[in-house]
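Notes follow the structure.
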Amino acid sequence: MKKATQPNIVSSRALLVAAIMATGGTLSYGQVLNGTFTGSGSGGFSPGWTSAAGDAAVVSSLYGTPPPSGATFEAGLTTINTGGFPTLSGTLAANPSTAVDTALGLATGTINTATANPVQEASGFSQTFSATAGDKISFKWNFITGENAGGLGKDFAFYTLHPQGTSSSLTVLANPDSGLLTPYNAGGIAFVASSGWQTAAPITIPSSGNWVLGFGVADAGNPGVDSVLGVSSVTYTPVPEPWAWSLMSAFAFGGMAVARRVRFNRA
Ligand SMILES: [Ca+2]
Ligand SMILES: [Ca+2]
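Everything in the sequence shown is counted per the numbering used here, starting at 5 for the first residue and increasing by one.
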């Protein structure tokens, strides 16, 4: 039965596109580019993720930790600035963290004052994109840390999402005291805990315009023991405009009617 209905769904979509083209309409949807980090420029960050500071690199293995299921690459960030651990990119994490504030479009000092503990070193990257109110963004992230829960180090991973321009808004994803961390070890670095791959609940863009989406990780309280953030599978779901909803509904019902006739004829 599914084989009879599927072609009609496909043809409904084709009709929708044809109708849009025939009326001269344009899809003014925004989008986040290169959410899979499979771009070929700037080591996988380009196109899209054109602003970065500190130790940031696109990798297929983050110190032995693979990307989430279905992904080939992940973007990695570290707090490595001192000590013997190897960086991902060859560039040390930024100290002070103000260079990361700038790379993410944040007011100077935002990362340093985001939590109760001053930040020593940080890394981050961002993308500026156009969006329509109601569009949704999701992503997968993995916080890996060498800091023990309850210890001196309060390293944290975070994301930022704000209208283009300067903002002081930052959302913490995890720190060593997060209940979601579980014991973890990987080759090369003395990690002790990881969140594993988490999927962020879809975030709705509240107003149309240019927006900045950024990610970062920061050393707070104990710079000698490091943390890492992996980011992968950034997805962007545009909200259909009202006229598109109407067209899709019309074609969906039309497709169902055709499907019913097909089933009737085949019976
Ligand atoms: Ca460090
Ligand atoms: Ca630390």
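Think of the CB as a built atom: it goes at the ideal place given N, C-alpha and C, for glycine as much as any other residue.
Computed from a prediction, not measured in an experiment: that's the story for all the values here.
Span of the beta strand (DSSP E) around residue i
i: Val104; result: Premise fails: Val104 lies in the alpha helix (DSSP H), 102-107, not in any beta strand (DSSP E).
i: Gly213; result: 213-224
i: Ser237; result: 231-241
i: Phe160; result: 160-167
i: Leu177; result: 175-178
Near ligand 4: residue i beta-carbon under 8 Å from a heavy atom
i: Asp159; result: As for ligand 4, it is missing from this structure, which binds only ligand 1 and ligand 2.
Distance between beta carbons of residue j and residue i, contact taken as under 8 Å
i: Leu217; j: Val104; result: Leu217 to Val104, Cβ: 14 Å. No contact.
i: Lys140; j: Pro206; result: 4 Å
i: Asp181; j: Ala222; result: No, Asp181 and Ala222 are not in contact; Cβ-Cβ is about 15 Å, not under 8 Å.
i: Thr83; j: Ser231; result: 5 Å
i: Ala56; j: Phe129; result: 4 Å
i: Ser237; j: Gly80; result: Not quite, the Cβ-Cβ distance comes to about 14 Å (not below 8 Å), so this is no contact.
i: Lys158; j: Gly225; result: 5 Å
i: Trp215; j: Pro167; result: 6 Å
i: Ser211; j: Ala137; result: 5 Å
is_contact[residue i, chain D] using C-beta, thresh 9 Å
i: Ser127; result: Looking at the structure shown, chain D is missing, and only one protein chain is on hand.
May I ask you to verify whether the stretch 60-77 touches the stretch 109-117, counting CB pairs closer than 8 Å and requiring at least 3?
With the rule of 3 Cβ pairs closer than 8 Å, the stretch 60-77 does not count as touching the stretch 109-117.
Pull every residue with its beta-carbon under 5 Å away from any heavy atom of ligand 1, and keep them in chain order.
A residue is listed when its beta-carbon falls short of 5 Å from at least one non-hydrogen atom of ligand 1; in chain order these are Thr83, Asn85, Glu125, Asp223, Pro227, Asp230.
Quick one: complete beta strand (DSSP E) runs, 3+ long, within the stretch 80-147?
Runs of the beta strand (DSSP E) lying entirely within the stretch 80-147 and spanning at least 3 residues, in chain order: 123-135.
Quick check for students: name the residue ranges of the beta strand (DSSP E) that lie wholly in the stretch 37-80, counting only runs of 3 or more.
List check, beta strand (DSSP E) in window: 55-57, 60-63.
Given 8 Å as the limit, is there contact between the stretch 116-125 and the stretch 137-152, that is, 3 or more CB pairs closer than that?
They do not touch, by the three-pair rule.
Three-pair Cβ contact test at 8 Å for the stretch 179-194 versus the stretch 122-130:
They do not touch, by the three-pair rule.
Under 8 Å: do the stretch 165-185 and the stretch 47-54 share three or more Cβ pairs, one atom per stretch?
Contact between the stretch 165-185 and the stretch 47-54 is absent, because fewer than three Cβ pairs lie under 8 Å.
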